[in-house]
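Taking it in order: structure first as structure tokens, then the write-up.
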Amino acid sequence: MGFEKFGRRSFMAATKVAPFVDFLAEGKIKGTVCKECGAKSFPPRADCVACFSKDVDWFDMPTQGTLVTFSTLQYAPFGFEADTPYTLGLVDFGQDGLKLFARFAADVNVDALKVGMPVSVRTLEYDDGQLSYEIVAA
673 MGFEKFGRRS
683 FMAATKVAPF
693 VDFLAEGKIK
703 GTVCKECGAK
713 SFPPRADCVA
723 CFSKDVDWFD
733 MPTQGTLVTF
743 STLQYAPFGF
753 EADTPYTLGL
763 VDFGQDGLKL
773 FARFAADVNV
783 DALKVGMPVS
793 VRTLEYDDGQ
803 LSYEIVAA
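Here it is in structure tokens:
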């Protein structure tokens, strides 16, 4: 599967981390880990951000974390105009400095969101077949 299937609008069809989309189709959220220094990255990186090695592999991202911050957007960039308003959040997994930035699921009650609350992350397939991931209340 090509990277063009990732997100609401993808501007890139080919990348060295294209298997990320295949994993999403399997219900898995994965990051990359450097085989040389062990640095972990999410979103996945083709090259290590710490030592610049090209020798990276995949690892399973945690699915449980803590909400660090969130914001509801009333304006959206190109390709997302029909989705507003929507709420984005930052999840801290408490290990290896891993954090994930994503939209909240449409059925989450945003009035109940609180910084520090436990949240979960899951894969998402939109009606048009595009793939992503989203945050839900734990």
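The sequence shown begins at 673 in the working numbering and counts up by one. Each residue gets a CB set at the ideal place from its N, CA and C atoms; glycine is no exception. Predicted model, so just to flag it, every value in this text is computed and none were measured.
Three-state class that DSSP yields for residue i in the structure shown
i      : result
Phe695 : helix
Thr711 : Sequence check: residue 711 is Ala here, not Thr. It is coil, neither helix nor strand.
Ala754 : helix
Asp799 : coil
Asp729 : strand
Val705 : strand
Asp719 : coil
Asp764 : strand
Val689 : coil
Ala810 : coil
Val787 : coil
Residue i versus residue j - alpha carbon distance
i      : j      : result
Ala777 : Glu806 : 6 Å
Pro691 : Thr744 : 30 Å
Val837 : Lys707 : Nothing about residue 837 can be reported from this structure: the residues present for the chain run from 673 to 810 only.
Phe683 : Val791 : Unreliable positioning characterises Phe683 in this predicted model, as indicated by a pLDDT of 45, which lies under 50. A coordinate reading is not provided.
Arg775 : Ser725 : 31 Å
Gly788 : Leu739 : 5 Å
Phe750 : Val693 : 21 Å
Gln802 : Cys723 : 33 Å
Asp755 : Ala748 : 8 Å
Ser632 : Phe714 : Limits of the chain in this structure are 673 at one end and 810 at the other, which puts residue 632 out of reach.
Ala686 : Ala718 : Per-residue confidence for Ala686 stands at a pLDDT of 48, beneath the threshold of 50, marking its modelled position as unreliable; no derived number is given.
Tyr758 : Asp729 : 33 Å
Pro734 : Glu698 : 16 Å
Gln736 : Lys771 : 11 Å
Proximity winner among the options, relative to residue i (alpha-carbon distances)
i      : options                        : result
Phe773 : Phe752, Asp764, Ala754, Asp799 : Asp764
Asp732 : Val793, Cys720, Gly788         : Val793
Asp727 : Phe695, Thr704, Glu698, Gly761 : Thr704
Thr795 : Leu696, Val780, Lys786         : Leu696
Val782 : Thr741, Val721, Phe752         : Thr741
Cys709 : Lys700, Cys720, Gly699, Pro716 : Cys720
Ala810 : Lys786, Glu797, Glu698         : Lys786
Contact check, residue i vs residue j, beta carbons under 9 Å
i      : j      : result
Gly766 : Lys712 : no
Exposed unless 16 or more other CB atoms sit within 10 angstroms - verdict on residue i
i      : result
Val689 : buried
Lys702 : buried
Gly761 : buried
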